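*Asks:* For the sequence shown, numbering that gives the first Met the number 0 begins at 0 and goes up steadily by one.
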Amino acid sequence: MTSRLVDAGWAEELNTALQLEAHNLSVISPFLKQKAIKRVLSHTPRLVRVITRFNLTDFAEGVSDIAALKSLLVAGARVRGVRNLHAKVYVFGSRRTIVTSANLTEAALTRNHEFGLVSDDAEIISASTRYFDALWACAGADLTARQLDEWEQTVTMHLASGGPRFRLETLADYGTDAAGVLYSGAPPVPVPVPQAEQAFVKFLGEGNNRVPLSFSTRDEIDSALCHWALAYPATKRPQAVKEGAVMFIGRLTYDPTDIRIFGRATGMRHVPGRDDASADEIAQRPWKKTWSRYIRVHHAEFVAGTMANGISLNAMMNALGSDAFTSTQRNQARGEGNTNPYNAYRQQAAVELSPQGQLWLSEQLQRALEVHGRIPQEELNKLGWPELPKNFSATSA
């Protein structure tokens with residue numbers, strides 16, 4: 000019987016344990032992400048029980064996936080929820096247990112620095128099993144598909160209204176309070192930062208409507224309401240943006256002629272009807288008649304001060320060349336088409352960034368936020384947030 004302390008290679012540890020025993024799998028993990036769940040289900044485990052968190056704030060913040068829970072239910076797993084859950088325990092029948100800091104997310108399994116114990120010792124496996132069974136017994140009823148559909152509707156509607164932090168407290172926690180039964184004083188759960196597979200620079204303003212570098216970033220947000228939606232032309236629906244894309248927000252400026260990136264947010268895919276400017280919104284801001292299509296965003300953050308504190312798109316293009324954007328990078332690889340980044344975004348409302356472009360802008364904008372500060376949330380709260388019809392479906396067109 001052996002026990003090992005492990006600080007790397009958790010994906011391999013999980014795969015090895017599932018190959019050793021995939022019949023009876025018990026998991027305690029506060030956060031679950033779809034890619035990691037697919038990794039587990041690829042081993043076709045037969046009896047799966049999962050204890051996790053049912054706090055809708057986790058799903059709204061992107062640290063846990065409703066889609067991951069759906070995949071578990073489709074595979075026949077039983078899932079229960081506990082409030083303030085922090086423990087991470089994986090029990091593979093009577094063959095192996097893992098007690099670790101790693102959640103069942105791809106970031107924890109492959110990128111984060113996590114530490115824990117992998118053991119084949121019968122006493123440790125037995126103790127882990129007893130802990131799981133005790134927590135399972137007081138974790139309430141099994142999750143249902145109907146509950147998940149209702150949660151998805153609630154979370155999507157929250158995000159479609161800009162996902163303001165001050166409204167997070169309205170999102171319910173459906174987990175069972177098990178603190179008094181097994182443990183108390185669970186430490187606060189750290190919030191990992193999700194990584195996006197897609198990123199864009201969205202342009203505000205036009206060639207004949209630039210602002211000076213001295214222009215206030217707050218005034219621009221107040222004018223464009225870009226803390227909850229980014230406006231696209233009425234003539235074409237913005238179908239390229241996928242759910243969860245990073246949207247860097249830039250303003251056309253002069254002296255010198257440039258585009259300054261002064262904010263970023265998480266984008267939502269465009270849903271016709273939900274994401275079209277209403278008559279009232281157009282009446283309040285007539286320019287929305289021409290720019291009536293939305294990509295809604297949430298968790299927006301902006302550099303304080305003026306546009307001079309933002310990041311120069313010209314600087315990024317000069318630094319990366321054809322690697323700045325997806326289109327120019329692709330053309331460079333195939334040896335034909337435009338490879339000049341300065342010609343790649345003209346007459347467009349937005350441009351898709353290459354992975355290198357996303358990384359460059361992320362690092363530079365993070366430095367700017369640290370040096371110049373962020374516009375406080377209480378200031379953003381004063382700018383207004385949209386109200387969606389209560390009976391509007393989160394997925395309807």
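In this text, a Cβ means the ideal position worked out from N, Cα and C, and glycines have one as well. On a predicted model such as this, the values are computed, not experimentally measured, just so you know.
1. Which class does residue 361 belong to by DSSP, given the choice of helix, strand or coil?
2. Alpha carbon to alpha carbon, what distance is there between residue 119 and residue 10?
3. Tell me the rounded alpha-carbon separation between residue 55 and residue 150.
4. Let me know the secondary structure DSSP gives residue 236 once reduced to three states.
5. Between the stretch 254-263 and the stretch 308-318, can you find at least three pairs of beta-carbon atoms closer than 8 angstroms?
6. In three-state terms, what does DSSP make of residue 297?
7. Taking the alpha-carbon of residue 294 as reference, which of 222, 315, 232 has the nearest alpha-carbon?
8. Name the residue from 370, 27, 368, 360 whose alpha carbon lies nearest to the alpha carbon of residue 135.
9. Quick one: what's got a C-beta closer than 6 angstroms to residue 201's C-beta in the same chain, skipping five residues either side?
10. Between residue 364 and residue 260, which are expected to be in contact by the criterion C-beta below 8 angstroms, what is the C-beta distance as a whole number of angstroms?
11. If you draw a straight line from the alpha carbon of residue 353 to that of residue 237, how long is it in whole angstroms?
12. Inspect the beta-carbon positions of residue 63 and residue 31 and report whether they are closer than 7 angstroms.
13. Identify which residue in 111, 44, 76, 38 has its Cα closest to the Cα of residue 51.
14. So for residue 130, helix, strand or coil by DSSP?
15. How about residue 127 and residue 385: do their beta carbons lie closer than 7 angstroms?
16. Are the beta-carbon atoms of residue 220 and residue 303 separated by less than 7 angstroms?
17. State the start and end residues of the unbroken beta strand (DSSP E) segment that holds residue 257.
18. Fully enclosed by the stretch 327-376, which beta strand (DSSP E) runs are 3 residues long or longer?
19. Only counting runs of 3 or more residues, tell me where the beta strand (DSSP E) segments fall wholly within the stretch 94-155, in order along the chain.
20. Residue 203 lies in the alpha helix (DSSP H); which residues open and close that run?
21. Just verifying my parser: in three-state terms, what is the DSSP assignment at residue 277?
22. If residue 307 sits next to residue 213, beta carbons under 8 angstroms apart, how far is it from one beta carbon to the other, in whole angstroms?
23. Give the straight-line distance between the Cα atoms of residue 278 and residue 286, rounded to the nearest whole angstrom.
24. What separation, rounded to the nearest whole angstrom, lies between the Cα atoms of residue 368 and residue 325?
25. Between the beta-carbon of residue 79 and the beta-carbon of residue 138, is there less than 7 angstroms?
26. What residue does the beta strand (DSSP E) around residue 246 start on, and which one ends it?
27. Just to confirm my understanding: we take residue 331, look at its own chain, exclude 5 residues before and 5 after, and list those with CB closer than 7 angstroms. What are they?
28. Out of 59, 84, 97, 35, point me to the one whose CA is closest to residue 20's CA.
29. Return the CA-CA distance between residue 362 and residue 289, expressed in angstroms with no decimal places.
30. Apply the 10 Å Cβ neighbour rule to residue 102 and answer buried if 16 or more other Cβ atoms are within range, or exposed otherwise.
31. Going by DSSP, what residues sit across from residue 175 in a beta bridge?
*Replies:* Judging by the given coordinates:
1. helix
2. 18 angstroms
3. 7 angstroms
4. coil
5. yes
6. strand
7. 232
8. 27
9. 229, 246, 248, 349
10. 6 angstroms
11. 19 angstroms
12. yes
13. 76
14. helix
15. no
16. no
17. 257-266
18. 349-351
19. 95-99, 115-118
20. First-last for residue 203: 198-203, but that is the beta strand (DSSP E), not the alpha helix (DSSP H).
21. coil
22. 7 angstroms
23. 12 angstroms
24. 26 angstroms
25. yes
26. 245-253
27. 321, 338
28. 97
29. 34 angstroms
30. buried
31. 81
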